[in-house]
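Sequential numbering of the sequence shown, starting at 16, is according to this note's numbering.
Every residue gets a Cβ at the ideal spot worked out from N, C-alpha and C, and that includes glycine.
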Amino acid sequence: MGGPPRVLAVLAATLVALTAVFVSQAEAAASTSLGQAESARQQLNLDLLAAAAGGYTDQDVGPVLDRQQLLLSMPAPSGPADRAAFYRDQAQELGSLRFTLSALEVHQLDLLRRATQTRLDDLLSELAQDQKMGVDALDIAPLQAEAESVQLTLNIAHSPQDFRHAFSEMGAPIDQAEQLRIARAADIAAVQSEADRLVQATAGGLDALRQIGLDALAAGRNYATAEAYLRLSPGRHYDLLESNADRLQGAAGPDVAVAAALEERYRDQVHGDLLASLPHKLIFVSILAEELWAYEDGKLFVDTLITTGMPQLPTDTGLMRIARKESPVHFISPFPKGSPYDYGPINAKYALWFHPSGEAIHDSWWRSWYGPGSNLNGRGSHGCIGVPYGPIDALYTWSDVGTAVLVIPGDGGAVAGQLNAKTYDDPYWGSGPLT
């Protein structure tokens, strides 16, 4: 049964009005929730931008990005009330993702810190192995400096970029440290047969093995000194010669034998470097050895024992040149009669003048003995270099005015000390390397 038409009409109008109110309220709630979700999305995006600016990569914050993308890709329901609930849930989840992001940043930073420290430990381990094997300290030093620099970075690092940079900086040094050890092992392998021979030849005597190594060290230093006198850097082989020398003091015969064999190897390499850098013609003299070598294009032309100046009137050391050739030659003593150094007039066959004070390379027919010690106890020259016949005949014909004359102490001391003992360089050569 129906009611009165008018009442029904009033009831229908009331129902429509109430429905409109409910719909309006639902739409308002959905709009509010949407605004909250949008605000949460913007705040999360700002946090993600800050993380990126701080050095965190998309991979670092991947879980947050993935969840955000999933939330934002879900379609909203069509009903106003359902949409309001949907956006409220979305706003809440986006807000929780901000906390997830913060925790993830802390975790990732800790992982980067640990990874960088582990890699630094790897580098320090590589360097410790290099030192134990005897790698040249000069080669280790720059790698050690890089390790120390990384440690300083770790002490103050606060961002992923800091740790990533430090991590990447250690890649090359680790590889270099390993390569240095490989090169050292190759050097040791190359001399092992010589080391075995030395042990057999010396019956494993430590003193004898050490002396072989020390003799090689002294010779190598002399060759390196010659390079320095020629204004050249002695280079890596000389560094190896010096750094390996400490191992001659070892207590185990096989180890000392290897060290001695390595000294021989490095000596020969320094000698090879010297020969490769010589000028076209060179006369090379060692005071201590009382020996002269003449080279042309790096090949030996003459090798002879000689006599240099007595200690009171030593032959000058340095880089000089033949300024004048004279044959025959008549020497007149510059010392007054009665002087213990007066030698009066004397004739000789050849003279190659190399110093403005009157020092020359010449024959000395009055001598019967040349070589080490022949310049001592009053038997030495007055600064000239006496050469026996045969070698002096060849030298005089072969040499030219301008041929370089290099005289070193040749005492086996370190290069710096022999450089300090230099007494004269001919200004003709200028200050740069010979060409």
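| Asked | Found |
| --- | --- |
| Beta strand (DSSP E) segments (min. 3 residues) lying fully within the region 178-218 | none |
| Cutoff 6 Å; reference I298; Cβ partners in own chain excluding five residues on either side | A309, V420 |
| Terminal residues of the alpha helix (DSSP H) in which E257 lies | 251-260 |
| Proximal residues to A210 (C-beta, below 6 Å), its chain only, five neighbours per side dropped | A272, V273, A276 |
| Exposure label - Q57; buried when at least 16 CB within 10 Å | exposed |
| Whole-number beta carbon distance between I407 and V300, since they are thought to touch under 8 Å | Rounded, the Cβ-Cβ distance is 13 Å, inconsistent with contact. |
| Given L87 as reference, the closest of N237, P157, A55, G428 once Cα atoms are compared | A55 |
| Sequence-distant residues of its chain with Cβ nearer than 8 Å to I189 (five each side left out) | R134, D137, L138, E141 |
| Those residues which DSSP pairs with S348 across a bridge | DSSP output for S348 lists no bridge partner at all. |
| Close-in-space but distant-in-sequence residues of the same chain around L289 (CB under 7 Å, 5 per side omitted) | Y238, A241, E242 |
| Rounded C-alpha distance that separates E311 from A162 | 47 Å |
| As assigned by DSSP and simplified to three states, the class of V150 | coil |
| Contacting residues, own chain, Cβ-Cβ under 6 Å from A338 (five flanking each side not counted) | W368 |
| Residue from A172, D62, Y102, D270 whose Cα sits closest to the Cα of M148 | D270 |
| Own chain residues within Cβ distance below 8 Å of R282, not counting five before or after | A231, L232, A234, G235, Y238, L256 |
| Assigned secondary structure, N362 (DSSP; H/G/I helix, E/B strand, else coil) | strand |
| Within 8 Å, strictly: CB atoms of Q83 and L112 | yes |
| Y384 in three-state terms, based on DSSP | Contrary to the premise, residue 384 reads as Trp rather than Tyr in this sequence. Coil at W384, not helix or strand. |
| Buried versus exposed, by CB contacts within 10 Å (16 or more), L59 | buried |
| C-beta contact flag for R382 and T322 at 8 Å | yes |
| Which listed residue (P355, G324, A304, S414) has its alpha carbon closest to that of M374 | The identity of residue 374 in the sequence shown is Glu, whereas the question assumes Met. Considering only alpha carbons, the answer is G324. |
| Presumed contact (8 Å Cβ cut-off) between R179 and V150, rounded CB distance | Not quite, the Cβ-Cβ distance comes to about 29 Å (not below 8 Å), so this is no contact. |
| Close-in-space but distant-in-sequence residues of the same chain around N259 (CB under 7 Å, 5 per side omitted) | G149, A274, L277, E278, Y281 |
| Rounded distance between the beta-carbons of L303 and D426, thought under 8 Å | 5 Å |
| Coarse secondary structure for A375, derived from DSSP in three states | strand |
| Residue environment, L225, which counts as buried when at least 16 other CB atoms sit within 10 Å | Per the sequence shown, the amino acid found at residue 225 is Arg instead of Leu. Classification of R225: buried, given that the 10 Å Cβ count is 16 or more. |
| Alpha carbon of T332 to alpha carbon of W384, nearest angstrom | 22 Å |
| DSSP state of L290 mapped onto helix, strand, coil | helix |
| Cβ-based neighbour list, A28, same chain, cut-off 6 Å, excluding 5 preceding and 5 following | Here the model assigns A28 a pLDDT of 45, short of 50, so the residue's position is not dependable, and the following value carries that caveat. For A28, where only same-chain residues beyond five positions count, there are no Cβ hits under 6 Å. |
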